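Engineer: With the numbering used here, letter number 51 in the sequence shown gets 38, and the count goes up by one each step, no holes.
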Amino acid sequence: MLRSRVLVLTAAVRSIIKSRAVTAYAPTALAGFGSGNTAISIRVIAQRGVGPYSASLRSDLLARQAAGSELLQNQQVRESALAGRQLGHGQVDSRLLAIIASLAARQMVSVVSFGDRGPGASAGVPFRSAYLAAPLRKAAAPGPGRQVQQMAAFLRAQRAPYRPTTIQTVRLAGGQIALRVRFLAPSPLGLLAPPVKR
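1) Skipping 5 residues on each side, what residues in its chain have a beta carbon closer than 8 Å to that of GLY107?
2) Could you please give the first and the last residue of the uninterrupted alpha helix (DSSP H) stretch that includes GLY64?
3) Specify the secondary structure class of ARG1 as computed by DSSP and reduced to three states.
4) Please return the same chain residues whose Cβ sits closer than 6 Å to the Cβ of LEU69, not counting the five positions on each side in sequence.
5) Using alpha carbons as the reference points, say which of SER97, ALA53, ALA92 lies closest to ASP80.
6) Tell me the DSSP secondary structure of SER116 in three-state form.
7) Pick helix, strand or coil for ILE164, following the three-state DSSP scheme.
8) On the DSSP letters alone, give me the boundaries of the beta strand (DSSP E) that ALA180 sits inside.
9) Could you tell me the distance, in whole angstroms, from the CA atom of TYR40 to the CA atom of ARG133?
10) Please state whether DSSP places SER174 in a helix, a strand or coil.
11) Start and end of the beta strand (DSSP E) containing SER109?
12) What residue from GLY162, LEU178, ARG(-8), LEU90 has the CA that sits closest to VAL168's CA?
13) Going by C-alpha to C-alpha distance, which of THR(-3), ILE86, PHE114, GLY162 sits closest to SER24?
14) Which residue comes first and which comes last in the beta strand (DSSP E) that contains GLN155?
15) So, is GLN34 buried or exposed, given that buried needs 16 or more other C-beta atoms within 10 angstroms?
16) Is it buried or exposed for ARG51, if we count other Cβ within 10 angstroms and need 16 for buried?
17) Going by C-alpha to C-alpha distance, which of ALA26, GLN60, ALA110 sits closest to SER2?
18) Between which two residues does the alpha helix (DSSP H) harbouring THR10 extend?
This is the structure in structure tokens:
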């Protein structure tokens, strides 16, 4: 079991694995569906044990809060009020934070919203998807549609773990063109770790 990254906990699996073992080996729920005997929970396996995993989770949350706060100060990044709160509270996947920062180094980025946290997810499980748009800054700049195409091309050129699983051009409810960008679960820990001091 420990070679896997996730555990799908069904009634059949619960009849084999004791609840204490589930907590010890897979403490974090990515999503939960149903209730009672029919409940299904998708959980992250703590491959090095629950103690080191919990410490890594705490460290990762602090790093995501710091990175999110930096993005809030970045003049190239615009965000909705809700997205701003989510950034400041460290609720956004490290991979999303990294690609937003990389895009903002090239052009202005508008964060419309974050999403894709499963129902019943444990506290601290970050959002793994975003709707990103490119607001027009001046008349001479390319139109928003062209800017979104440039963003999509940049993201498709990324390598793992920073290449999104989904990069889809969509038209939002007010006609705005945006990218729906999504990463798979579970979110990797430690991507934003500060460099080791020597």
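Backbone N, C-alpha and C fix where the C-beta goes; we use that ideal spot for every residue, glycine too.
On a predicted model such as this, the values are computed, not experimentally measured, just so you know.
Structural biologist: In short, the structure shows the following:
1) ALA16, ALA18, GLY19, PHE20, SER28
2) Correcting the residue identity first, residue 64 is Val in this sequence and not Gly. That residue, VAL64, is in no alpha helix (DSSP H); its beta strand (DSSP E) goes 64 to 66.
3) The three-state reading of DSSP puts ARG1 in helix, counting H, G and I together.
4) none
5) ALA53
6) strand
7) strand
8) Per DSSP, ALA180 belongs to no beta strand (DSSP E) and is neither H nor E.
9) 42 Å
10) coil
11) Run containing SER109: none; DSSP gives neither H nor E here.
12) LEU90
13) In the sequence on display, residue 24 carries Asn and not Ser. Comparing Cα positions, the closest option is THR(-3).
14) 153 to 158
15) GLN34 counts as exposed, since fewer than 16 other C-beta atoms from the protein chains shown sit within 10 angstroms of its C-beta.
16) buried
17) The candidate whose alpha carbon is nearest that of SER2 is ALA26.
18) 6 to 12
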